[in-house]
Amino acid sequence: MPQNAARVTVMMPDGQELLARLYERRRAAVGWQYRVGITCWAVGSSGRTESAEQSVWLDARHVRPLEGGDYSRIPTVAALTTDERQAWTVQDLPHRPGHPGARLIHVIGCQPHAAPITLDQALDILRKPRTVTCRECHAATSLPTATDPQLIQSDRSAP
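Numbering (our numbering) for the sequence shown: 1249 to 1407.
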């Protein structure tokens, strides 16, 4: 296990508990979030099914420490001060037969290797058709209340 990682339990929506690795923690607009690595099955480059770790950000309610774990080496991102701005990223979802392409706005860190965008860029993109905020990272709660999904939807249907 990497030096700056610790074992944790991840609570799944159906009640299952999975062992995972904790890599990072941050204070977000919605409270504490943790970047964990969960090992699952995936088709590898050889075409065979093999174990692979998926890294995701989870809210604190889904992550539990293991008794006796050492969490002192886990990097912690300090809480944002009032003069700092939170950053976002945009994910383009490709067009598929029968499904038009779409865009997702994420809180930075939800999508690895994505380039950050500013608040103004996030709001401009969010006003475009087929653009929504990510439910996993709760991006809607980190944006000003004027970006309420109901308001945006009603704006889109206006002539």
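Note that the Cβ used here is the ideal one computed from N, Cα and C, for glycine as well. Just so you know, these numbers come straight off a predicted model, no measurement behind them.
Query: Around the C-beta of HIS1347, are 16 or more other C-beta atoms found within 10 angstroms, so that it is buried, or is it exposed?; Result: exposed
Query: Kindly indicate the opening and closing residues of the alpha helix (DSSP H) around SER1299.; Result: Per DSSP, SER1299 belongs to no alpha helix (DSSP H); it is in the beta strand (DSSP E), 1297 to 1307.
Query: My understanding is that HIS1354 touches CYS1385, with C-beta atoms under 8 Å, so please give their C-beta distance in whole angstroms.; Result: 5 Å
Query: Could you have a look at ASP1372 and say whether DSSP puts it in helix, strand or coil?; Result: helix
Query: Tell me, please, which residues DSSP counts as bridged to GLU1272.; Result: ARG1283
Query: What are the partner residues of HIS1354, as DSSP defines its beta bridges?; Result: THR1337
Query: Out of THR1257, GLU1272, ARG1274, ARG1273, which one is the CA nearest neighbour of LEU1266?; Result: THR1257
Query: Locate the beta strand (DSSP E) running through THR1381, then write down its first and last residues.; Result: 1379 to 1381
Query: So who's on the other strand from CYS1288, going by DSSP bridges?; Result: ALA1300
Query: What's the C-alpha gap between GLY1317 and ARG1269?; Result: 11 Å
Query: When the distance is taken between beta carbons, is SER1303 closer than 8 Å to PRO1360?; Result: yes
Query: On the three-state DSSP scale, how would you describe ALA1387?; Result: helix
Query: State buried or exposed for TRP1336, treating a residue as buried only when at least 16 other CB atoms are found within 10 Å of its CB.; Result: buried
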